[in-house]
Amino acid sequence: MRRRSLTLAGWNVRLAVGVPPGHDLDFCSPGGAVLTPKPRGPLSEFVFAVLRADLDSDRATPWPAAEGHADAAITLWTLYELHYRGFDDVDDGLEWHPALLGPRHELEGDLERRLRDRFPGHQILGGFGQDFFAFVADHDGLSLAAHVQRDADRDQVLELLRVRSIYHLKEADPTAWVVPRLPVATKAALVELLYDEYGVGDPNRLHAHLWAQGMTACGLRCDYGAYIDEVPAEVLEQNNAMSLFGLHRRLRGAALGHLAAFEATSSMPSRRMAQGLERLGLPREIVDYYTEHVAADAVHEQLAVRTICGSLLEAEPGLADDVYFGAFTCLDLENRVAGRMLARWGVLDSDEGAVA
Amino acid sequence: MTEPKAFDHADVVLCPGGPMLLRGDHLVEDADGVTHRTERPVSAICRCRKSASAPWCDGTHKLLPQKQRP
Ligand code: FES
Ligand SMILES: [Fe+2]
Ligand SMILES: [Fe+2]
Chain A
0 MRRRSLTLAG WNVRLAVGVP PGHDLDFCSP GGAVLTPKPR GPLSEFVFAV LRADLDSDRA
60 TPWPAAEGHA DAAITLWTLY ELHYRGFDDV DDGLEWHPAL LGPRHELEGD LERRLRDRFP
120 GHQILGGFGQ DFFAFVADHD GLSLAAHVQR DADRDQVLEL LRVRSIYHLK EADPTAWVVP
180 RLPVATKAAL VELLYDEYGV GDPNRLHAHL WAQGMTACGL RCDYGAYIDE VPAEVLEQNN
240 AMSLFGLHRR LRGAALGHLA AFEATSSMPS RRMAQGLERL GLPREIVDYY TEHVAADAVH
300 EQLAVRTICG SLLEAEPGLA DDVYFGAFTC LDLENRVAGR MLARWGVLDS DEGAVA
Chain B
0 MTEPKAFDHA DVVLCPGGPM LLRGDHLVED ADGVTHRTER PVSAICRCRK SASAPWCDGT
60 HKLLPQKQRP
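Protein chains in written order, with numbering that gives the first Met the number 0: chain A, 0 to 355; chain B, 0 to 69.
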């Protein structure tokens with residue numbers, strides 16, 4: 000392991016770089032190091048070099064502008080990852096470094112503004128539960144699961160699994176950030192749901208682990224972020240939105256609204272996924288992941304909408320707009336991810352769902 | 000000064016238009032007399048009779064017209 004010091008946007012930083020020998024990398028990794036992704040433009044190229052500490056100190060400031068959404072999104076994604084599992088080529092000490100937090104704040108501001116601009120608002124018609132389920136039904140968009148169920152070929156499905164792995168390998172983690180920021184009833188309700196996501200105390204049942212086993216059974220890599228370089232910008236943005244909501248107490252309403260919309264659009268699509276995977280003869284383990292989610296998310300949608308968001312709004316009625324904003328963001332981003340993938344596969348002729 | 004309040008926390012919850020939530024471990028007998036053990040901290044029992052995973056809810060109730068939902 001090398002050590003070097005550098006000036007990072009005016010700060011002096013001492014860094015340990017390189018992969019420490021014998022470092023336990025991942026719960027499922029066959030031993031590969033988790034490294035910073037490929038840059039997607041001048042900003043990410045600059046920031047990743049800063050993170051890996053191979054920039055000359057006099058070039059460390061100021062940061063270049065992002066060139067397009069993909070460049071901004073991969074930069075933000077990588078900065079967020081410092082709070083989850085980190086990278087083997089980045090010093091853990093950079094997680095809270097002020098020189099990174101400043102520019103991250105700007106990237107987050109841009110993302111939140113763009114997400115809020117897309118939100119059409121919501122109506123109050125009846126009780127919250129009924130209104131929320133109706134809102135989800137009204138804004139549910141393109142379905143990748145329907146394509147997988149009936150028409151997708153094996154290559155498309157394996158590509159989709161790689162793309163989905165960016166979230167499923169840290170399933171529920173972005174929402175876990177929210178727990179300490181909640182009123183009593185909501186905290187109890189959220190942990191009741193998370194307990195199930197995290198396997199009810201049995202690591203074999205932890206959802207991210209079921210997913211990892213499914214990936215391995217399909218001959219895919221299950222180490223964290225292994226496929227980050229091939230995922231479209233929409234997937235990065237989908238992931239970033241969850242981290243944004245999860246990491247800011249101010250956005251706790253959006254985080255829980257996002258969770259509720261996610262759970263409320265999972266049960267039936269999971270059945271379709273399971274049927275499609277069976278049709279293509281994919282391994283039992285990955286089918287099981289989806290079958291588990293048919294039953295689990297039929298429960299989780301009720302918990303997330305009624306006991307989690309319901310109790311939050313009872314205690315903090317002012318958060319209603321944010322709950323719907325988070326829900327809309329979940330549905331809208333999934334629609335755009337689906338649009339992008341279906342366009343890639345020639346199923347949709349235009350990629351109108353794509354991030355502009 | 001506010002006192003910490005007590006919450007009504009039910010073991011069985013009837014969701015309007017949807018399943019019955021059941022907290023804890025139970026043996027559930029379905030319409031054919033077959034028993035099923037609950038497998039998770041909270042289970043959702045289908046009340047619309049359209050689930051393909053009976054006795055558990057699988058979200059199918061959302062496809063039914065408003066009037067036919069439980
Ligand atoms: S109540 Fe949900 S499927 Fe019947
Ligand atoms: Fe899950
Ligand atoms: Fe879930």
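Here a beta-carbon is modelled for each residue, glycine too, at the ideal position from N, C-alpha and C.
Bounds of the alpha helix (DSSP H) holding V183/A are 183-196.
For R22/B, the uninterrupted beta strand (DSSP E) run begins and ends at 19-22, by DSSP.
According to DSSP, S42/B shares a beta bridge with L21/B. Per DSSP, reduced to three states, the secondary structure at R68/B is coil, with no helix or strand assignment. Secondary structure of L114/A (DSSP, three-state): helix.
The closest CA to that of D296/A, considering only E284/A, Q274/A, V183/A, S266/A, is found on S266/A. Taking E229/A as reference, the option from R161/A, V336/A, T174/A, L209/A with the minimal CA-CA separation is R161/A.
Note that the C-beta distance between V33/A and T74/A is not below 7 angstroms. According to the DSSP assignment, L13/B belongs to no alpha helix (DSSP H) but to the beta strand (DSSP E) extending over 11-13.
R39/B is the residue among P64/B, K4/B, R39/B, L13/B whose C-alpha sits nearest the C-alpha of H25/B. The alpha helix (DSSP H) runs of length 4 or more contained entirely in the stretch 109-173 of chain A are, from start to end of the chain, 127-138, 143-149, 153-167. Note that the C-beta distance between L258/A and T174/A is below 7 angstroms. Neighbourhood of S266/A in chain B, by CB distance below 7 angstroms: D57, G58, in chain order. Along the stretch 135-167 of chain A, going in chain order, the ones with a CB nearer than 8 angstroms to a CB of chain B are A136. Residue environment analysis places W62/A among the buried positions, since at least 16 neighbouring C-beta atoms fall within 10 angstroms of its C-beta.
For Q148/A, the number of other beta carbons within 10 angstroms of its own is at least 16, and it is reported as buried. Contact with chain A is found for C14/B, since one of that chain's Cβ atoms lies less than 7 angstroms from the residue's Cβ. For a Cβ distance threshold of 8 angstroms, residue set G58 of chain B lies close to E300/A, ordered along the chain. Within chain A, the C-beta atoms nearer than 7 angstroms to that of V41/B come from E191, V298, L302, in chain order.
Counting C-beta pairs closer than 8 angstroms gives fewer than three between the stretch 94-111 of chain A and the stretch 307-326 of chain A, which falls short of the contact rule.
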